[in-house]
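Asks:
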């Protein structure tokens, strides 16, 4: 009998850590990288949020765009297109780079 | 990817046996006929001797030597493909060392051996090549499928399905792509662990001890889950 996969408490911790924009950027980068390996679809909303948050660095937003595209290309495409229509030019640029 | 190599090798072996049977049919008939009928000599094998190969004209001919035997006294090491005489009799038969290779034997005989040799080589070589190629592809994918690369992205959907993260067929056997994706994901997790042991993130930025420990714990759980899934051989249920 195949067992089900539940979101690990640590996976939730990485997701929560991305919500705090005041957290050290190195930790935010690390969280994105770990979530990417975990193929965490639960992290997509917060990654999209990071992507659209202009208070965060360009490098971090770009990294979020890459991560979304890496393990959720279809979701990323929709999300980035939607963001590109409503957000600033830089978001569209991030989307273009990530695609 | 379904593994058809064993089936293919069995088919190759069967074809080889069939070809060998057809290939040897003519010589076997020749041997049977030679027991009752006089027969013309084979210029391909016989020496240019003045001694006649026709039994009726050959005073040393012994019919018992042709009772189903290829060579009357040493069929393993000597050759007399037309079954006329026993070996090492000057003017009639030759040791293999003098005959040369099988290409000089009648075509049904040589063709049979070439066919079975080729088919066995094809079957065995196919299995070896397939297994070798599979190992090479898996090795390369595991080594170079860094998150975000094209190779990793191509495998990601299958990996997510295997782990039940996206719509799948719970309890169904893992596909070859799923297995490869899981192995790649485990290798990626191991890289995170290796970096964390140096208090580094996967990209090489410094980490606190607490973050490093969390990375190790999280990735070890992922590796354990992948190993369990691979051993079980079935797709996991989703959430």
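Chains as they are written, first to last, in my numbering: chain A, 1 to 99; chain B, 1001 to 1239. For every residue, glycine included, the Cβ atom is placed at its ideal position computed from N, Cα and C. Keep in mind it's a predicted model, so treat the numbers as computed, not measured.
Cβ atoms of residue 28/A and residue 60/A: under 7 Å apart, would you say?
Replies: In this structure, residue 28/A lies closer than 7 Å to residue 60/A by Cβ.
Asks: Which class does residue 1202/B belong to by DSSP, given the choice of helix, strand or coil?
Replies: Reduced to three states, the DSSP call for residue 1202/B is coil.
Asks: Tell me which residues of the stretch 46–68 of chain A have at least one Cβ-Cβ distance to chain B shorter than 8 Å, keeping chain order.
Replies: Listed by position along the chain: 66, 67.
Asks: Inspect the beta-carbon positions of residue 1201/B and residue 33/A and report whether they are closer than 7 Å.
Replies: Yes, Cβ-Cβ distance for residue 1201/B and residue 33/A is below 7 Å.
Asks: Name the residues in the stretch 17–33 of chain A whose C-beta lies less than 8 Å from a C-beta of chain B; which are they?
Replies: Going along the stretch 17–33 of chain A in chain order, one finds 26, 27, 29, 30, 33 with a Cβ nearer than 8 Å to chain B.
Asks: Note down, in chain order, each residue of its chain lying with its Cβ closer than 6 Å to the Cβ of residue 1162/B, except the 5 sequence neighbours on either side.
Replies: Within the same chain, residue 1162/B has close Cβ partners 1174, 1178, 1182, 1235.
Asks: So what's residue 1068/B in DSSP terms, helix, strand or just coil?
Replies: The predicted model places residue 1068/B with a pLDDT of 48, which falls under 50 and marks its position as unreliable, so this point remains unresolved.
Asks: For residue 1156/B, does the count of other Cβ atoms within 10 angstroms reach 16, so buried, or fall short, so exposed?
Replies: The residue in question, residue 1156/B, is buried, as its Cβ has 16 or more Cβ neighbours within 10 Å.
Asks: What residues in its chain sit with their C-beta under 6 Å from that of residue 1170/B, if we drop five residues either side in the sequence?
Replies: 1235, 1237.
Asks: From residue 1172/B to residue 1215/B, what does the alpha carbon distance come to, in whole angstroms?
Replies: Between residue 1172/B and residue 1215/B, the C-alpha separation is close to 31 Å.
Asks: Use the C-beta contact count for residue 17/A: other C-beta atoms within 10 angstroms, 16 or more gives buried, fewer gives exposed.
Replies: So residue 17/A counts as buried.
Asks: Would you tell me roughly how many angstroms separate the C-alpha atoms of residue 11/A and residue 1166/B, rounded to the nearest one?
Replies: Distance between the alpha carbons of residue 11/A and residue 1166/B: 17 Å.
Asks: May I ask you to verify whether the stretch 63–71 of chain A touches the stretch 38–55 of chain A, counting CB pairs closer than 8 Å and requiring at least 3?
Replies: The stretch 63–71 of chain A is in contact with the stretch 38–55 of chain A.
Asks: Using 7 Å as the threshold, is the C-beta distance between residue 969/B and residue 1219/B below it?
Replies: Outside the shown range of chain B (1001 to 1239) lies residue 969/B, about which nothing can therefore be said.
Asks: Could you please tell me which residues of the stretch 1218–1229 of chain B, in chain order, have their CB closer than 9 Å to any CB of chain A?
Replies: Those residues of the stretch 1218–1229 of chain B that come within reach of chain A (Cβ to Cβ, closer than 9 Å) are 1218, 1219, 1221, 1222, 1225, 1228, 1229.
Asks: Under 9 Å between beta-carbons, which chain A residues line up against residue 1182/B? List them in chain order, please.
Replies: In chain order: nothing, as chain A lies at least about 11 Å away.
Asks: According to the neighbour-count rule (16 or more other Cβ atoms, all chains shown, within 10 Å of its Cβ), is residue 1160/B buried or exposed?
Replies: Burial call: buried.
Asks: From the DSSP output, read off the bridge partner residues of residue 1173/B.
Replies: Paired residues: 1234/B.
Asks: Taking 7 Å as the threshold (beta carbon to beta carbon), is residue 35/A in contact with chain B?
Replies: It does not; no Cβ of chain B falls within 7 Å.
Asks: Using a threshold of 7 Å, state whether the C-beta atoms of residue 46/A and residue 15/A are closer than that.
Replies: Their beta carbons are under 7 Å apart, which means residue 46/A touches residue 15/A by this criterion.
Asks: First and last residue of the alpha helix (DSSP H) that includes residue 17/A?
Replies: First-last of the alpha helix (DSSP H) with residue 17/A: 9–19.
Asks: In whole angstroms, give me the CA-to-CA distance for residue 1168/B and residue 1224/B.
Replies: Going from the Cα of residue 1168/B to the Cα of residue 1224/B covers about 21 Å.
Asks: What are the boundary residues of the alpha helix (DSSP H) that residue 36/A is part of?
Replies: Looking at the DSSP string, the run of the alpha helix (DSSP H) that includes residue 36/A is 25–38.
Asks: Output the boundary residues of the alpha helix (DSSP H) element that contains residue 57/A.
Replies: Neither: residue 57/A is in no alpha helix (DSSP H) and is coded neither H nor E.
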